[in-house]
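Using this note's numbering, the letters of the sequence shown correspond one by one to residues 864 to 1130.
All remarks here apply to the structure that follows.
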Amino acid sequence: MPSNLDCFKKDLESLLKQGELLLFAMYYEQKPKEMMLKLKENDRNSTEKIFKRLPSFIDKYQLWYSEALILIKQLLPDRIIDFISYYEKPKSRKTISYENYKISDYLQGLVSSRGETKIVGPDAAIPQFKQQLAILESAKRRFESSLFDIRQLVQADLFDSELDEAEELLKHGFERAAGAVSGVVLERHLMQVCDNHRLSIRKKNPSISDFIECLKSSNVIDTAQWRSIQFLADIRNKCDHSKKDEPTAEEVEKLIQGTAEIIKTLF
864 MPSNLDCFKK DLESLLKQGE LLLFAMYYEQ KPKEMMLKLK ENDRNSTEKI FKRLPSFIDK
924 YQLWYSEALI LIKQLLPDRI IDFISYYEKP KSRKTISYEN YKISDYLQGL VSSRGETKIV
984 GPDAAIPQFK QQLAILESAK RRFESSLFDI RQLVQADLFD SELDEAEELL KHGFERAAGA
1044 VSGVVLERHL MQVCDNHRLS IRKKNPSISD FIECLKSSNV IDTAQWRSIQ FLADIRNKCD
1104 HSKKDEPTAE EVEKLIQGTA EIIKTLF
């Protein structure tokens, strides 16, 4: 079974290849002459293969961005604001220029003109996307760096293994035990998320509710996420403490699946 580290490497390689094709697509859509000259440097067969594989940037970018964003959050959390800034329009923007034209403008086909003179258009988003690709490329180099801390990736493998154990316990009718194991995984992951965001909790033995309250007040999670995790915490508490109200297999399955989703999407 591949480790989380192997999965991250595979996903990153795939995103980089997709990103390269999206960049070619941008050039072809906005600067076809330059694109043709660049491709003439390759042999004819290679050029034809590239053209056949070219995606529509407008159709495929949003999916690429969403997947890349999740990966950057995990591998390069200190660059996430930069990565987003190349896509989002600045809230303070009053006029559109080459410097502040963003990828979201490209997706809308935004063109700024003065009279019949074009001031800035979609081609201005090409450098913005190239910067996003550069950030993604730097994430690849982190795997090769001795400074890269793989602790969280190894921990993610451990969590996956523990959730597999919880599933086995549930299959054999041990609902409380399965829920307790899942609850511990969820609690430890939320503790790590708070640590990632440099958030401290004064309580000596904080609970899941304490962690998510801290994350919500710091705008790391929104109200919907808070409610979703609190729902899981309630099931966990039923497994750990309640003597009268027995947890059902369906509830414990929701706890296991919900925990698995959180450890892969909340960092």
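Backbone N, C-alpha and C define an ideal beta-carbon position, used for all residues, glycine too.
Burial state of residue i (16 or more Cβ within 10 Å)
| i | result |
| --- | --- |
| Asp968 | buried |
| Tyr950 | buried |
| Ser1045 | buried |
| Ala1112 | exposed |
| Glu962 | exposed |
| Ala997 | exposed |
| Ser1009 | Here Ser1009 scores only 47 on pLDDT, less than 50, and its place in the model should not be relied on; the value that follows carries that caveat. By the neighbour-count rule (16 or more Cβ atoms within 10 Å), Ser1009 is not buried but exposed. |
| Lys965 | buried |
| Arg1099 | buried |
| Leu878 | buried |
| Leu1078 | buried |
| Leu926 | exposed |
| Ala1087 | exposed |
| Met899 | exposed |
| Gly972 | exposed |
DSSP beta-bridge partners of residue i
| i | result |
| --- | --- |
| Ser976 | Lys981 |
CA-to-CA distance, residue j to residue i, given in whole angstroms
| i | j | result |
| --- | --- | --- |
| Asp922 | Lys1117 | 34 Å |
| Ala1041 | Asp986 | 54 Å |
| Ile944 | Asp1097 | 34 Å |
| Ser955 | Leu932 | 23 Å |
| Ile1071 | Phe1037 | 22 Å |
| Arg977 | Ala988 | 19 Å |
| Asn1068 | Glu1114 | 25 Å |
| Tyr924 | Asp1103 | 45 Å |
| Lys957 | Ser919 | 30 Å |
| Pro940 | Leu1053 | 16 Å |
| Ser1091 | Lys1034 | 24 Å |
| Gln893 | Asp869 | 36 Å |
| Leu999 | Glu979 | 38 Å |
| Lys915 | Ile1075 | 48 Å |
| Gln1085 | Lys1066 | A small correction: the amino acid at residue 1085 is Asp; Gln does not occupy that position in the sequence shown. About 22 Å. |
| Phe1130 | Val983 | 37 Å |
| Leu917 | Leu970 | 17 Å |
| Ile935 | Asp1023 | 21 Å |
Closest residue to residue i among the options (Cα-Cα distance)
| i | options | result |
| --- | --- | --- |
| Tyr928 | Val1047, Ser948, Val1056 | Ser948 |
| Phe946 | Ile959, Ser955, Glu930, Arg956 | Glu930 |
| Trp1089 | Arg1065, Ile1125, Asn1059 | Ile1125 |
| Glu1025 | Ser1080, Leu1049, Gly1036 | Leu1049 |
| Ser1081 | Arg1061, Leu934, Gln893 | Arg1061 |
| Phe871 | Arg1005, Ser975, Thr1086 | Arg1005 |
| Thr1128 | Lys1034, Gln971, Leu938 | Leu938 |
| Leu1021 | Lys1066, Leu900, Val1047 | Val1047 |
| Arg1039 | Ile1064, Lys873, Pro895, Lys1101 | Lys1101 |
| Gln881 | Lys896, Ile913, Pro895, Glu897 | Ile913 |
| Asp874 | Val1083, Asp1073, Lys1003, Asp1023 | Lys1003 |
| Lys981 | Leu970, Ser1001, Ser960 | Ser960 |
Residue i beta carbon near the ligand SAH (any heavy atom closer than 7 Å)
| i | result |
| --- | --- |
| Pro940 | You won't find the ligand SAH in this model; it holds no ligand whatsoever. |
Cβ of residue i within 8 Å of any chain C Cβ
| i | result |
| --- | --- |
| Ser960 | The displayed structure is made up of one protein chain only, and chain C is not part of it. |
Exercise for the section: Inspect the CB distances between the segment 991 to 1008 and the segment 884 to 892 and report whether three or more fall short of 8 Å. Expected result: yes
Problem - Inter-stretch contact (C-beta, 8 Å, three-pair minimum) for the segment 1110 to 1124 and the segment 1023 to 1030 - result: yes
Handout entry: Touch test, the segment 1101 to 1110 against the segment 1054 to 1063, Cβ-Cβ under 8 Å, three pairs minimum
Key = no
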